[in-house]
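Shown next, in structure tokens, is the structure this report addresses.
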Amino acid sequence: MPAVWKPAWRSIVADIRQRVQTGSPLSAALGAYPQVFNQTWQAIIAAAESTGGAEEAFDRLAAMTRQQQQIRSRVIGTLAYPAALLMLSFGVLGVMTFFVLPRFDELYSMLNTPLPWLTRQMLAVSRYLTAHLPAVLLAAGGLVVGGLLLARTPAVRRQLETALGRAPLIGRLIRQLVLARILRVWGTSVHSSVPLLESLQLARGCTSHALFTGLMDELVTRVSEGDTVGNVLMRNPLVPRTMSSAIATGEQSGQLAEALLFLADYLDNENDQLLAALTRLLEPAILVFMGVAVGIVAVSLFLPLFDLTAAA
83 MPAVWKPAWR SIVADIRQRV QTGSPLSAAL GAYPQVFNQT WQAIIAAAES
133 TGGAEEAFDR LAAMTRQQQQ IRSRVIGTLA YPAALLMLSF GVLGVMTFFV
183 LPRFDELYSM LNTPLPWLTR QMLAVSRYLT AHLPAVLLAA GGLVVGGLLL
233 ARTPAVRRQL ETALGRAPLI GRLIRQLVLA RILRVWGTSV HSSVPLLESL
283 QLARGCTSHA LFTGLMDELV TRVSEGDTVG NVLMRNPLVP RTMSSAIATG
333 EQSGQLAEAL LFLADYLDNE NDQLLAALTR LLEPAILVFM GVAVGIVAVS
383 LFLPLFDLTA AA
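What follows is the structure, given as structure tokens:
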């Protein structure tokens, strides 16, 4: 208890200790707080209670949780800079549309000079957006909220996940991130003496990705019918052939947990490299987009001035 300083956690730990002291199994006491200790925690602790390996189970759970947090932090940290660049790009375009273009519009109206087609189009867009700013903001907000709500529907979400999962670079990254998480939860469960079918169900519950929930459902069904894990994975394109072979070898040699955790570590390292490659591609692409957009606006604004200078 002295190490627990957050009031909410102190209350949870105190209640769990009281439940255990009154005779409740630790796994059942943890089950009273499913929002904190999910089914994976409960099943691993329950298996550890029956084998007397609670200390090792907590060590493995701590390592798994720490690894998941590190991966989440790396993903957020890697994508933060490209996201900031993209927001900056839209900010620059907004400033030019609502502040810079209207000033040039006033200037060219005073000069009463003929304007090139590109300049006329830019100024017309600026006039329309400025005159209907509340409606434009409302429509943009409605599109964003509507898109987010639509993306939450099962059918649309499945289509989006399938499309993104098959994209060249980002699709590979998404697939490997999800697969690494599944393998780590699965391997930790098996290593903690959780029965195979239950460990598969726990691994299935750690993701909502449409492609991989289908894979895990097939695994649970086939294994319960007597098939081997290796045979099922060999027939599924979501898992690379070499990884399927490694899992099949681990299953046959009684080292399934070690094979799963090794592959999870391997995927985590490869995902770091993919994240770095994705960042190297995104940053120049966003900078090029911003440069082209600003350049087009700048050229459209100064073309009439060049014409006036040449005419003078």
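Numbering (the numbering used here) for the sequence shown: 83 to 394. Glycine included, every Cβ here is placed at the ideal spot set by N, Cα and C. No experiment lies behind these values; they were computed from the predicted model shown.
query                                                                                                                                                         : result
Is Met83 buried or exposed, if buried means 16 or more other CB atoms sit within 10 Å of its CB?                                                              : Note that Met83 scores a pLDDT of 47, beneath 50, so its modelled location is shaky; the value from the coordinates is reported in the next line. Exposed is the call here.
Secondary structure at Gly159, three-state DSSP: helix, strand or coil?                                                                                       : helix
Is DSSP giving Gln337 helix, strand or coil here?                                                                                                             : coil
With three or more C-beta pairs closer than 8 Å as the rule, is the stretch 253-273 touching the stretch 337-352?                                             : yes
Using a Cβ-based criterion (distance less than 7 Å to any ligand heavy atom), does Leu112 qualify as near the ligand ATP?                                     : As presented, the structure is devoid of all ligands, the ligand ATP included, so that no description of it is given.
Quick check: what's the CA-CA separation for Leu143 versus Ala130?                                                                                            : 11 Å
Would you kindly report the start and end of the unbroken alpha helix (DSSP H) that includes Thr212?                                                          : 199-213
Straight-line CA distance for Val118 to Gln241?                                                                                                               : 31 Å
Is Asp299 buried or exposed, if buried means 16 or more other CB atoms sit within 10 Å of its CB?                                                             : exposed
From Ala136, Gln258, Leu215, Val376, pick the residue whose C-alpha is nearest to that of Asn351; which is it?                                                : Gln258
Out of Ala111, Met146, Gly135, state which residue places its alpha-carbon closest to the alpha-carbon of Leu265.                                             : Met146
Just tell me which of Ser132, Ile256, Arg148, Leu170 has its CA closest to the CA of Val376.                                                                  : Leu170
Pull up the CB-CB distance for Leu183 and Leu205, whole angstroms please, since I reckon it's below 8 Å.                                                      : 6 Å
What's the call for Val379, buried or exposed, on a 16-neighbour Cβ count within 10 Å?                                                                        : buried
Mind checking which residues open and close the alpha helix (DSSP H) that includes Tyr253?                                                                    : What sits at residue 253 in the sequence shown is Gly, not Tyr. Gly253 -> alpha helix (DSSP H) spans 252-273.
So which of Asp187, Leu161, Leu293 has the shortest CA-CA distance to Arg239?                                                                                 : Leu293
In or out: Trp91 buried (at least 16 other Cβ within 10 Å) or exposed?                                                                                        : exposed
In the structure shown, what three-state DSSP assignment does Asp404 receive?                                                                                 : The shown model of the chain, from 83 to 394, leaves out residue 404, and the question about it has no answer.
Take Phe180 and list the residues in its own chain whose beta-carbon comes closer than 8 Å to its own, dropping the five residues that flank it on each side. : Ser208, Leu211, Thr212, Leu215
Check each candidate in Ala249, Ser290, Gly308 and name the one with the smallest Cα separation from Leu278.                                                  : Gly308
Is the separation between the beta-carbon of Arg35 and that of Thr289 shorter than 8 Å?                                                                       : No answer is possible for residue 35: the residues shown for the chain start at 83 and end at 394.
Assuming the contact rule is C-beta atoms closer than 8 Å, Gly113 and Gln124 should be a hit. Round their C-beta distance to whole Å, please.                 : 5 Å
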